[in-house]
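A.B. asks:
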Amino acid sequence: MGKKKAGKKKLPKLGFLYLDYVLRFFDHSNFRGWPDKIETVTYHWKNDKKRFIKEVRKKKIDVLIGNIPATAYETFREIARELPHVRFIPSMDTQFSNKSKENVTRFAWKYKLPIPQTHIFYDRAKGYEFFKNTKYPKIVKRSYGPSNYGGYFVHKVDSADEAIELFETKKYHPIYTQDFVPMEADIRVMLIGHKPVCAFWRRPPEGDWLTNTSQGGSMDYQDVPKNVLDLAVSVSKAANAEYWACDVAYGKDGKVRILECATAFAAFPYIRDWIGQYIMWSLSNGKFRKPHMPMFNWEELGKIDSSLLRTMRHIAFGKYTPSYDGAYFDDKKKAYGDGEYYIHELDAKYPMMDIVPRDYEEWPSEKWNFQDRFPLKSVKTMKVENLENSRIEIPTGDEASQELNISREELEELFASIKGLGAKKIKKIFEIFSDIAIVDVLEQQPSAFTCIKGIKDKTVEKIVEKWIDFKEKKD
Ligand SMILES: Nc1ncnc2c1ncn2[C@@H]1O[C@H](COP(=O)(O)OP(=O)(O)O)[C@@H](O)[C@H]1O
Ligand SMILES: [Mg+2]
Numbered sequence: 097m098g099k100k101k102a103g104k105k106k107l108p109k110l111g112f113l114y115l116d117y118v119l120r121f122f123d124h125s126n127f128r129g130w131p132d133k134i135e136t137v138t139y140h141w142k143n144d145k146k147r148f149i150k151e152v153r154k155k156k157i158d159v160l161i162g163n164i165p166a167t168a169y170e171t172f173r174e175i176a177r178e179l180p181h182v183r184f185i186p187s188m189d190t191q192f193s194n195k196s197k198e199n200v201t202r203f204a205w206k207y208k209l210p211i212p213q214t215h216i217f218y219d220r221a222k223g224y225e226f227f228k229n230t231k232y233p234k235i236v237k238r239s240y241g242p243s244n245y246g247g248y249f250v251h252k253v254d255s256a257d258e259a260i261e262l263f264e265t266k267k268y269h270p271i272y273t274q275d276f277v278p279m280e281a282d283i284r285v286m287l288i289g290h291k292p293v294c295a296f297w298r299r300p301p302e303g304d305w306l307t308n309t310s311q312g313g314s315m316d317y318q319d320v321p322k323n324v325l326d327l328a329v330s331v332s333k334a335a336n337a338e339y340w341a342c343d344v345a346y347g348k349d350g351k352v353r354i355l356e357c358a359t360a361f362a363a364f365p366y367i368r369d370w371i372g373q374y375i376m377w378s379l380s381n382g383k384f385r386k387p388h389m390p391m392f393n394w395e396e397l398g399k400i401d402s403s404l405l406r407t408m409r410h411i412a413f414g415k416y417t418p419s420y421d422g423a424y425f426d427d428k429k430k431a432y433g434d435g436e437y438y439i440h441e442l443d444a445k446y447p448m449m450d451i452v453p454r455d456y457e458e459w460p461s462e463k464w465n466f467q468d469r470f471p472l473k474s475v476k477t478m479k480v481e482n483l484e485n486s487r488i489e490i491p492t493g494d495e496a497s498q499e500l501n502i503s504r505e506e507l508e509e510l511f512a513s514i515k516g517l518g519a520k521k522i523k524k525i526f527e528i529f530s531d532i533a534i535v536d537v538l539e540q541q542p543s544a545f546t547c548i549k550g551i552k553d554k555t556v557e558k559i560v561e562k563w564i565d566f567k568e569k570k571d
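Throughout, our numbering is defined as the position within the sequence shown, counted from one, plus 96.
1) Quick check: what's the CA-CA separation for F566 versus K109?
2) Do T359 and T190 come within 8 Å of each other at the CB atom, strictly closer than that value?
3) Which runs of the beta strand (DSSP E) fall wholly inside the stretch 173-236 and span at least 3 residues, in chain order?
4) Got a sec? Which residues, its chain only, sit under 6 Å from A345 by beta carbon, not counting five neighbours each side?
5) Below 8 Å on the Cβ atoms is my contact criterion, and I expect D450 with N126 to pass it. Report the Cβ-Cβ distance as a whole number of Å.
6) With DSSP as the reference, identify every bridge partner of T138, one or two as the case may be.
7) Can you check which of these residues, K569, L262, Y272 and L325, is closest to P292 by C-alpha distance?
8) Nearest CA to the CA of A295: which residue from Y317, Q274 and I288?
9) Output yes or no for whether 8 Å exceeds the beta carbon distance between I175 and F148.
10) In terms of residue numbering, what span does the alpha helix (DSSP H) encompassing E44 cover?
11) Whole angstroms is fine: what's the gap from E527's alpha carbon to K463's?
12) Classify Y446: buried if its beta carbon has 16 or more other beta carbons within 10 angstroms, exposed otherwise.
13) Measure the alpha-carbon distance for K156 versus K106 and round it to whole angstroms.
14) With DSSP as the reference, label A358 as helix, strand or coil.
15) What do you reckon, is the C-beta of L472 under 7 Å from a heavy atom of ligand 2?
16) Can you list, in chain order, the residues of its chain with a C-beta nearer than 7 Å to that of H215? Leave out the 5 residues immediately preceding and following it.
17) Drop a sphere of 10 angstroms on the beta-carbon of S193, count the other beta-carbons inside from all chains shown, and report buried for 16 or more, exposed for fewer.
18) Start and end of the alpha helix (DSSP H) containing V324?
19) List the residues that DSSP assigns as beta-bridge partners of M286.
20) Say the cut is 7 Å; is the CB of D275 nearer than that to a heavy atom of ligand 1?
21) For the beta strand (DSSP E) holding K552, just list the boundary residues, first then last.
22) In terms of DSSP beta bridges, what is Y279 paired with?
23) Quick check on the DSSP output: the beta strand (DSSP E) that includes L160 runs from which residue to which?
24) Using the three-state DSSP reduction, which class does K252 fall into: helix, strand or coil?
25) Check whether the Cβ of L327 sits closer than 7 Å to any heavy atom of ligand 2, and report yes or no.
26) Using DSSP bridges, identify the partner residues of K430.
27) Going by C-alpha to C-alpha distance, which of L517, K520 and I534 sits closest to R504?
28) Using the Cα positions of K476 and A259, report the straight-line distance between them to the nearest angstrom.
29) For D443, which three-state DSSP category applies?
30) With respect to 7 Å, is the separation between the Cβ of M279 and the closest non-hydrogen atom of ligand 1 below this value?
31) Helix, strand or coil: which one does DSSP assign to Q373?
32) Is it right to say K145 is buried, meaning 16 or more other beta carbons lie within 10 angstroms of its own, or is it exposed?
33) Using only CA atoms, which one of P180, V537 and I271 lies nearest to D219?
34) Enumerate in chain order the residues of its own chain whose CB-to-CB distance from T555 is below 7 Å, with the five nearest sequence positions on each side excluded.
35) Would you call the stretch 199-210 in contact with the stretch 246-257, where contact means no fewer than 3 C-beta pairs closer than 8 Å?
36) Flag this pair as yes or no: are the beta carbons of S187 and N336 separated by less than 8 Å?
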């Protein structure tokens, strides 16, 4: 390999892409050492496209860095088209999967990546026909919208009647349904430049099939199987992702299938530092050093209490060199796949690769935005829960909620300050949504609180107002 010259080439001008009310995945601290000013451009939701584009042009930004939440995805595809010389990291095509479960599925179908058998219907009659002729149990999910809290948007159904009843009462659109896959656990893998940098099991609580940790499942960093990491790497490559998270179902049949994948996910600050360093390396033509994270570092870091891990920043590792520290590395082998390997051997098998942006649109909205092309017209005539009425345009996305330091007491105080929320209802909120999930619900789908008896849309609006106040004070 030839030496990379530091080169006199000017560095590109970077900008952070922020959106009002969306937690920020990156900030300047993740890009420590970048010598130039990093600009900030904030999208203000309502009709802000033109102004946003103008600001990016005025600031002469070459690279815009940040995650787009699902609700803004289509707008940003338009914005990206009007800024052809700006590189978005991750690209809009890479972020295609962020928008909906349907998009994850279409992405997996295109690249022949394994997922549970999935059916998507925009035509309800056809969907119902399918339900009458298929096998059970099935899983039904809301395709677009926030994550599943308290089993709220992912359902297991055991008969056609049950499935149809569900769609008669919820306006989930499209109909999105999967074969039920009996699984040991699901596993989250995070990757940077297609190299796994963190992975953990999420085991469901006893007797439960849901595995979100926010529902009391456990996390475990040990011995994530080879076929899971290999699948996550191929998914990241298919998405041409600078950074990526993939939830893999580890089936009782030993097979692996993708459940979810996205660029927006919750990650400890040190992982976001790694991503920042990686991007700096990638954009600087060798001026910044490529970060090195040894394989299975997560098995060791995962032993650190998460409250401490959350405060740890800029974790760096030395590289294996045969002449010097070989002796240390050498006596430690790891059982992996069907063999045993030194960590540096595994590092060679899972290289961190540079991402070359594609020069075409892979998922143009004219073709792939089925949601807006085929809306559910009959929705008003259906028995529909009032779930979405109060939906203000607060975006979804799994952005690191741990960034926001809020204690249980502060949350309780916030709720208690709202007229109409008594101690009983507050207790119920904490029962249904754990502390961590509450922040996500506040951010992504406050209307989910209406699942609690006596909490109406008006109350939800008040909760959201208080929440926004709270965040502003924290800032
Ligand atoms: N096809 C399936 N078969 C069995 N369990 C599933 C299936 N799809 C999802 N699950 C379970 O439901 C959980 C939530 O589903 P997921 O697709 O991750 O949606 P979300 O996290 O947005 O709610 C998963 O972590 C998994 O435990
Ligand atoms: Mg999930």
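By construction, the Cβ of each residue, glycine as well, lies at the ideal position given by its N, Cα and C atoms. Owing to the predicted nature of the structure, the values given are computational and were not obtained by experimental measurement.
C.D. replies: Reading from the atomic positions:
1) 33 Å
2) yes
3) Counting whole runs of 3 or more residues, the stretch 173-236 contains the beta strand (DSSP E) stretches 183-185 and 214-217.
4) A distance below 6 Å between beta-carbons, with the five flanking residues on each side excluded, links A345 to the following residues of its chain, in chain order: V277, M279, D282, R353 and L355.
5) Incorrect: roughly 19 Å between the Cβ atoms, too far for contact.
6) Paired residue(s): Y114.
7) L325
8) Y317
9) yes
10) Residue 44 is absent from the model: the chain starts at 97 and stops at 571.
11) Cα to Cα, the separation comes out at about 43 Å.
12) buried
13) 14 Å
14) strand
15) no
16) F226 and T273
17) buried
18) Counting along the chain, V324 sits inside the alpha helix (DSSP H) bounded by residues K322 to A335.
19) C294 and A341
20) yes
21) Bounds of any beta strand (DSSP E) do not take in K552, whose DSSP letter is neither H nor E.
22) Correcting the residue type first, residue 279 is Met in the shown sequence and not Tyr. The partner list for M279 (beta bridge, DSSP) reads G347.
23) V159 to I161
24) For K252, the secondary structure class from DSSP, reduced to helix, strand or coil, is strand.
25) no
26) Partner residues in the beta bridge of K430, as assigned by DSSP, are Y437.
27) Nearest C-alpha to R504: I534.
28) Here the model assigns K476 a pLDDT of 42, short of 50, so the residue's position is not dependable and the matter cannot be decided.
29) helix
30) In this structure, the C-beta of M279 approaches ligand 1 to less than 7 Å from one of its heavy atoms.
31) In the structure shown, Q373 sits in a helix (DSSP, three-state: H, G or I).
32) exposed
33) With distances taken between Cα atoms, D219 lies closest to I271.
34) I514, G516 and L517
35) No, the stretch 199-210 does not touch the stretch 246-257.
36) Yes, these two residues count as a Cβ contact at 8 Å.
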